[in-house]
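Mapping to full-length UniProt numbering: the sequence shown position 45 is 45, numbers consecutive.
Every residue, glycine too, gets a C-beta built ideally from N, C-alpha and C.
Below: the structure, in structure tokens.
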Amino acid sequence: MRHLVMDWGESFDVGDPVIDHEHRMLLDLFRSLAEPEAPTDTATLRARLDELVALACQHFDHEDALMRRLHYPGIREHQEEHDALLEQLNKYIALLDEAPDPPPVSGIVEFVGLWVLDHIDREDRKLSAFLAGTIGLAVPA
């Protein structure tokens, strides 16, 4: 699955510049895991997953704050998706810590890639539609 390619497109934009920038950063980090020539040693994979978790937490905090500020009706489901991702990433990190070299890279990369695509396509698209309908994509800082 390391050949999974994800390119940013405007269809991923939700209308908030900070969140859209973070989505691009998450996608770039994912691509650094998925590219065929990416290192597959445990230390490098662990460092990239730690970076992904840190960035995801920061991003989720920003999305959660935006949703609370605007009284987004789907906030609970959206936050549950965030929690599920972090829980699964932490399970993968625990497995990675216990795994012999080479680590189980393909399963981790496939999960992260499919989750990013699915979450942006489903939950973030709903948020985008709400933002467009509520504030015409002009999100206050």
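{"Query": "Residue range of the alpha helix (DSSP H) that includes Y92", "Result": "75-98"}
{"Query": "Alpha-carbon to alpha-carbon, A65 and D28", "Result": "23 Å"}
{"Query": "Contact the region 124-134 vs the region 66-76: 3+ CB pairs below 8 Å", "Result": "yes"}
{"Query": "Spatial distance of E80 from H119 (CA atoms)", "Result": "11 Å"}
{"Query": "Residue burial classification, L114 (beta-carbon count within 10 angstroms, cutoff 16)", "Result": "exposed"}
{"Query": "Nearest-angstrom Cα separation, counted from L85 out to H62", "Result": "16 Å"}
{"Query": "Member of A94, R31, E87, A132 whose CA lies at the smallest distance from the CA of R46", "Result": "A94"}
{"Query": "Own chain residues within Cβ distance below 8 Å of C57, not counting five before or after", "Result": "L86"}
{"Query": "T134 versus G15: straight-line alpha-carbon distance, rounded", "Result": "11 Å"}
{"Query": "8 Å Cβ shell around N90 - same chain, five flanking residues per side excluded", "Result": "V53"}
{"Query": "CB-CB length for A43 against V109, believed under 8 Å", "Result": "About 17 Å; that fails the 8 Å criterion."}
{"Query": "Beta-carbon gap between L96 and L55 smaller than 8 Å", "Result": "no"}
{"Query": "Span of the alpha helix (DSSP H), counted from its first residue to its last, around F30", "Result": "17-34"}
{"Query": "Residue burial classification, H21 (beta-carbon count within 10 angstroms, cutoff 16)", "Result": "exposed"}
{"Query": "Chain-order list of residues whose beta-carbon lies under 6 Å from that of H82 (same chain, five-residue window excluded)", "Result": "F60"}
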